[in-house]
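Its first residue numbered 73, the sequence shown is counted upward by one per residue in the numbering used here. Glycine included, every Cβ here is placed at the ideal spot set by N, Cα and C. It should be emphasised that the depicted structure is a prediction, and the values quoted were computed from it without experimental measurement. Let me begin by presenting the structure, written as structure tokens, before commenting on it.
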Amino acid sequence: MSRREEYEQKAEAILTPIVESKGFELVDVEYVKEAGCWYLRGYIDKPGGITVNDCEDVSRAFSDILDEQDFIEDSYIMEISSPGLDRPLKKEKDFKRSLGKLVEIRTYRPIEKQKEFCGILKAYDSNSVTIDEDGTERTFEKKDIALIRLAIEF
Numbered sequence: 073m074s075r076r077e078e079y080e081q082k083a084e085a086i087l088t089p090i091v092e093s094k095g096f097e098l099v100d101v102e103y104v105k106e107a108g109c110w111y112l113r114g115y116i117d118k119p120g121g122i123t124v125n126d127c128e129d130v131s132r133a134f135s136d137i138l139d140e141q142d143f144i145e146d147s148y149i150m151e152i153s154s155p156g157l158d159r160p161l162k163k164e165k166d167f168k169r170s171l172g173k174l175v176e177i178r179t180y181r182p183i184e185k186q187k188e189f190c191g192i193l194k195a196y197d198s199n200s201v202t203i204d205e206d207g208t209e210r211t212f213e214k215k216d217i218a219l220i221r222l223a224i225e226f
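Below, the structure written as structure tokens:
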């Protein structure tokens, strides 16, 4: 396990009870380097959406425990935020929640000369995703998918 994965797992273990105690869902945790700075980010959600005050409440509780446990060696910026409407589907609960909804899929390599697909999420399992693209069912291997997220309709 990489140091990054270890930090993400420890942060997730700390954040999960905080987030659940407030009736929210922990969508994702990431530890990433951007423009020379490390960021520890927690993404939270709830039906109807997350507010700035929700993020602040979680951030305060999380920050106190991070200060006590101090398991990250580097200096970093901690952020708690909403995952946004265009968040990728990563975990099983993301796929389950999105069944019957319009999703956008981008593949690593062209399939039938295209890399972007859009359709209704019909099924998924640990290896594949099936969408209905204008009446035609298409199944993609997860290993071929670079990105899958809810499509935003205007």
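Contact belief for residue i with residue j at Cβ below 8 Å, rounded distance in angstroms
i: Gly121; j: Ser154; result: 7 Å
i: Ile224; j: Asp158; result: 6 Å
i: Ser200; j: Lys214; result: 6 Å
i: Glu84; j: Leu98; result: 7 Å
Beta carbon proximity, residue i to chain C, threshold 8 Å
i: Gln81; result: You won't find chain C in this structure, because it holds only one protein chain.
Among the options, nearest to residue i - alpha-carbon criterion
i: Lys94; options: Asp117, Arg75, Lys105 and Val104; result: Asp117
i: Pro160; options: Cys109, Glu84, Asp100 and Asn199; result: Asp100
i: Glu181; options: Cys109, Glu151 and Phe212; result: Rather than Glu, the amino acid found at residue 181 in this sequence is Arg. For the residues Cys109, Glu151 and Phe212, the minimum Cα distance to Arg181 belongs to Phe212.
i: Ser135; options: Val124, Ser147, Thr123 and Glu151; result: Glu151
i: Glu209; options: Ala218, Ser198, Ile217 and Lys194; result: Lys194
i: Tyr196; options: Phe167, Tyr103, Phe96 and Asp206; result: Phe167
i: Tyr148; options: Asp129, Ile137, Ala133 and Tyr103; result: Tyr103
Residue(s) in a DSSP beta bridge with residue i
i: Arg181; result: Beta-bridge pairing links Arg181 to no other residue.
i: Glu209; result: Asp204
i: Asp129; result: The partner list for Asp129 (beta bridge, DSSP) is empty, contrary to what the question assumes.
Close beta carbons around residue i, own chain, < 8 Å, minus the five adjacent residues each side
i: Cys127; result: Ile116, Ile152, Ser153 and Ser154
i: Asp206; result: Gly191
Close-in-space but distant-in-sequence residues of the same chain around residue i (CB under 7 Å, 5 per side omitted)
i: Ala218; result: Arg178, Thr179 and Tyr180
Cβ-heavy atom distance, residue i to the ligand PLP, below 7 Å
i: Leu171; result: Of the ligands one can find in the structure shown there are none, so the ligand PLP has no counterpart to examine.
Problem - Three or more C-beta pairs below 8 Å linking the segment 139–146 and the segment 172–180 - result: no
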